[in-house]
Each structure stands twice: as C-alpha cells, then as structure tokens.
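Before any comments, here is the structure.
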Amino acid sequence: MNLGLSEEQEMIVETVRAFVETEIYPHENEVERTGVVPPELGREIQRKCLDLGFYACNFPEEVGGAGLDHVTFTLVERELGRGSLGLTVFFGRPSGILMACEGEQRERYLLPAVRGEKIDALAITEPDAGSDMRGMKCTARRDGGDFVLNGTKHFISHADVADFVIVFAATGEEETPKGIKKKITAFLVDRGTPGFQILKGYDSVSHRGYHNSTLSFEDCRIPEAQVLGEVHRGFDIANQWLYGTRLTVAATCVGRARRVFDMTLPYAAERKQFGRPIGANQGVSFKLADMITEIDAADWLTLSAAWRLDAGLAADRQIASAKLYASEMLARVTDEAIQIYGGMGLMDDLPLARFWRDARVERIWDGTSEIQRHIISRDLLRPLGA
Numbered sequence: 001m002n003l004g005l006s007e008e009q010e011m012i013v014e015t016v017r018a019f020v021e022t023e024i025y026p027h028e029n030e031v032e033r034t035g036v037v038p039p040e041l042g043r044e045i046q047r048k049c050l051d052l053g054f055y056a057c058n059f060p061e062e063v064g065g066a067g068l069d070h071v072t073f074t075l076v077e078r079e080l081g082r083g084s085l086g087l088t089v090f091f092g093r094p095s096g097i098l099m100a101c102e103g104e105q106r107e108r109y110l111l112p113a114v115r116g117e118k119i120d121a122l123a124i125t126e127p128d129a130g131s132d133m134r135g136m137k138c139t140a141r142r143d144g145g146d147f148v149l150n151g152t153k154h155f156i157s158h159a160d161v162a163d164f165v166i167v168f169a170a171t172g173e174e175e176t177p178k179g180i181k182k183k184i185t186a187f188l189v190d191r192g193t194p195g196f197q198i199l200k201g202y203d204s205v206s207h208r209g210y211h212n213s214t215l216s217f218e219d220c221r222i223p224e225a226q227v228l229g230e231v232h233r234g235f236d237i238a239n240q241w242l243y244g245t246r247l248t249v250a251a252t253c254v255g256r257a258r259r260v261f262d263m264t265l266p267y268a269a270e271r272k273q274f275g276r277p278i279g280a281n282q283g284v285s286f287k288l289a290d291m292i293t294e295i296d297a298a299d300w301l302t303l304s305a306a307w308r309l310d311a312g313l314a315a316d317r318q319i320a321s322a323k324l325y326a327s328e329m330l331a332r333v334t335d336e337a338i339q340i341y342g343g344m345g346l347m348d349d350l351p352l353a354r355f356w357r358d359a360r361v362e363r364i365w366d367g368t369s370e371i372q373r374h375i376i377s378r379d380l381l382r383p384l385g386a
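Each residue of the sequence shown is one higher than the one before, counting from 1 in full-length UniProt numbering.
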C-alpha cells in the first residue's frame, strides 16, 4: 500500500478543505441556533459544488461523475466531515445504490441525481426494524403490474429535501437454515406519489439542520418499472450500499476529530494556569498525545479499508473496524477536548459542545457499534467453523 498522496489527491484535499472553511463554517452557528438550513443557502452550496466539478464525485465518469477511486473519495469525505452535516449534505454525494438503475430509470433518477437536478434519500429503518433489516414491516404487495406499499419508515435522513426516495419493503418470505426470512425489494418512489407522505421526524441533539423524517405509505401504488434491481434482491443491494456509507461515517469522524484537535492543541499551548501553559502539565499533554494517536490510527484504518476496495480485496471486516473505531474515537476526542477547555468547552461560544453532541449518533447510524463488532467477529470465527 502506497501511504503517500498523489499531487492530484493533495490538490483535492486542499480544495475541499478550503470549500468547507469558506462556504460551510460561516453558516454553522446560525444553522445550529435555528436548526434550519434556508433553501436558498442549500441551493447556493450545491451550485458552487457543481461549479467546482465535485458534485456526485462518488459516481463513475460514464454517468457524469468525477470517477474518484475509493481512497480519493474517502479523502473528500474526511474533509467534508470538518463541517456541519446539515450544510455539507448539499455538496452532493447521491446514493451509490442508484448505479443499479436500468433503462428508463437512468434518465429519470440516476442521471438527474448525478447532475444535481434531483436529490435522493434512502428509506430502510422502521420503528421496529433498525439493525434487523429483515424484521421490517413495511410491505409491498404485487397487484397486477404494480406494487402497493403500506407501512412506516422513520429516521430517514434529509428526506425533507429529497425529490425521490429509495424505499425497501418486504415482498415475500423464504425458508433459510435460520428459519423463515423476509424477502426485500427496493423501490424508487417520487415525492408527491398518492399514498406517500413525508412527515416531520424527531428533534435530535445531533447534527442540527440535518433533519430526519418519518415516511408514511398507505396503499401507495408503484409501477413495477420502479423496482430498483431485482424483485426480492433488495437485501443484497442494501448491504453493498451500507459498506460504502460506513466508510463515509469513519472518514467524517476522522475529519471532525482533526478539527477538534486543531482547536485544542493551540489552546493548551496558550492557556495559562499557575503561571505556565496548561499543556506543560502531563494531565493535559498526555491527553493530547492520546488524542492524536487515536486520530491517526482511525485515519489509517479508514484509508487502508478504502485501499482494499480499490485493490479489489475483501474489505467487509476492515470497513467495520474503521467505522467502529473512528466513531468511538470521535466520542473520546471530543470529550477530552472539552475537559481540556474546562467549563468554556460547554459554552455556545465555542463549537465543541456541538461536536460532542454530534459525535454520539455516529456510533448508531449506518450500523451500530454492536453490529460492527458482530461483522468483525464473524469474519474472524467463521473460517474456523465457530
């Protein structure tokens, strides 16, 4: 593995970091205060990203994307992680799962999403089906040439600004060695489809301005032409997509942790107590040593997992390790940063309390820490027959 970045990668990192610092940072406090990203601001960020040529940079050139490899895209996500998620979502990274679009779906969903003309959202989680995707109760019943959707989804990120939603629903059952399992199918559902409602979700302490929604389906009729992939094969598509999003979570956690550290290090060197900088005390300096060691470790775990994907190697366990370690690292780093700042670290004058609150959800979404540990342990034990 080449541990150095190419000139192009260095340029991309510098460009995205500058974008975040100039276009995202100035708006963060207002979004944090109001919990809202004004629509015109979201469109402005999207337009500037399109002008830079970075919109849909996770998609291949053949469909209009930038065609970045996994390592380079992970570097982009790492830099975006420094900014407020409510704002950086408009930087535009459509769901990679849209590459499963075929025929007319490409013109109706895939290409408009890549061009920034439409925004997608992904709907998997339900009130009674979080980590257990096979436990979903949202159903899609075949009726002639259509499917009829009924059920509820919740915690659906940025559905409030989406033009269409990729919905996963149970379309049957199958017998497996572990008992009866539900068959899952993915559907492309447009905003405004009769029987489909996007409702306000829950108020969250994490990532204000980045909203979750509740989706309601009541006899919502969807033509079979809007099945994404194959009927009953949605579980395979979802798993393939989730591995990529977990790598994104790891990368954004690293970026956010580096921003926190970049604030904390100079403070420890300048803040004086008892006549000398607090960083001169081992109680603080050792915290800094642990923080940067954990950040670097998470960074390399994440980039090495991305490298394995580029090399065509199995990476499920490595991605799970990166997501697990980086998300838990971010919690420790933000907590230690607040400890170093003392009471001031919890004041709204600084963004540390926001980073601290935002860090909490990273251990839950896109697969909880427990799910990651399950993936890792099964990968280790299964070859031994355990």
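Ideal Cβ positions, reconstructed from N, Cα and C, are used throughout, including at glycine.
Length of the line joining the Cα atoms of residue i and residue j
{"i": "H154", "j": "D203", "result": "12 Å"}
{"i": "L110", "j": "L98", "result": "6 Å"}
{"i": "L215", "j": "I156", "result": "8 Å"}
{"i": "L3", "j": "A140", "result": "47 Å"}
{"i": "L324", "j": "F235", "result": "22 Å"}
{"i": "V284", "j": "S304", "result": "30 Å"}
{"i": "P177", "j": "I198", "result": "37 Å"}
{"i": "I292", "j": "A257", "result": "9 Å"}
{"i": "R33", "j": "P26", "result": "13 Å"}
{"i": "E370", "j": "S321", "result": "11 Å"}
{"i": "E8", "j": "E218", "result": "49 Å"}
{"i": "F261", "j": "C49", "result": "27 Å"}
{"i": "E102", "j": "H70", "result": "23 Å"}
{"i": "residue 387", "j": "G151", "result": "No answer is possible for residue 387: the residues shown for the chain start at 1 and end at 386."}
{"i": "R259", "j": "L149", "result": "43 Å"}
{"i": "R43", "j": "S84", "result": "16 Å"}
{"i": "R73", "j": "A18", "result": "Per the sequence shown, residue 73 should be read as Phe rather than Arg. When rounded, the distance between both Cα atoms is 16 Å."}
{"i": "A170", "j": "A311", "result": "34 Å"}
Residue-level contact to chain B via CB, residue i, 8 Å cutoff
{"i": "A56", "result": "The structure shown contains no chain B, having only a single protein chain."}
Where residue i falls: helix, strand or coil (DSSP)
{"i": "P277", "result": "strand"}
{"i": "V63", "result": "helix"}
{"i": "C138", "result": "coil"}
{"i": "T185", "result": "strand"}
{"i": "E126", "result": "strand"}
{"i": "D163", "result": "coil"}
{"i": "D143", "result": "strand"}
{"i": "G172", "result": "strand"}
{"i": "K272", "result": "strand"}
{"i": "N239", "result": "helix"}
{"i": "H207", "result": "coil"}
{"i": "H27", "result": "helix"}
{"i": "G86", "result": "helix"}
{"i": "L199", "result": "strand"}
{"i": "S369", "result": "helix"}
{"i": "G179", "result": "strand"}
{"i": "R93", "result": "coil"}
When the options are compared against residue i, the one with the closest alpha-carbon
{"i": "I375", "options": "P112, C220, S131 and N29", "result": "S131"}
{"i": "W356", "options": "C57, T368 and E328", "result": "E328"}
{"i": "E62", "options": "T34, F90, L3 and V114", "result": "V114"}
{"i": "H232", "options": "Q273, I198, E173 and V189", "result": "E173"}
{"i": "A359", "options": "I180, A331 and T125", "result": "A331"}
{"i": "R363", "options": "R246, L265, I295 and R382", "result": "R246"}
{"i": "residue 395", "options": "E44, L265 and L242", "result": "Here the chain comprises residues numbered 1 to 386, so residue 395 is not present and cannot be evaluated."}
{"i": "K182", "options": "G279, K137 and A326", "result": "K137"}
{"i": "Q318", "options": "L87, Q372, I124 and T88", "result": "Q372"}
{"i": "Q240", "options": "D366, G135 and G179", "result": "D366"}
{"i": "R208", "options": "D51, V13, P383 and L87", "result": "L87"}
One or two residues paired with residue i in a DSSP bridge
{"i": "C220", "result": "L149"}
{"i": "V114", "result": "According to DSSP, which records beta bridges pairwise, V114 is partnered with nothing at all."}
{"i": "R378", "result": "Note: R378 sits in no beta bridge, so no partner."}
{"i": "L228", "result": "A186"}
{"i": "L215", "result": "K153 and I198"}
Residues near residue i in its chain [Cβ-Cβ closer than 7 Å; skip 5 each side]
{"i": "L346", "result": "I338 and A353"}
{"i": "A100", "result": "L228, G229 and I237"}
{"i": "G81", "result": "A251, T252, C253, V254, G255 and R256"}
{"i": "L309", "result": "H70 and A315"}
Same chain only: Cβ atoms within 6 Å of residue i, ignoring 5 sequence neighbours per side
{"i": "P277", "result": "A269"}
{"i": "D163", "result": "K118, I119 and R191"}
{"i": "T264", "result": "A337 and I340"}
{"i": "V205", "result": "R357"}
{"i": "V16", "result": "V76 and E79"}
{"i": "L122", "result": "S95 and I166"}
{"i": "A298", "result": "V254, Y325, A326 and M329"}
Cut-off 8 Å between Cβ atoms - residues of its own chain near residue i, not counting five sequence neighbours on either side
{"i": "Q46", "result": "Y55, F90, F91, G92 and G116"}
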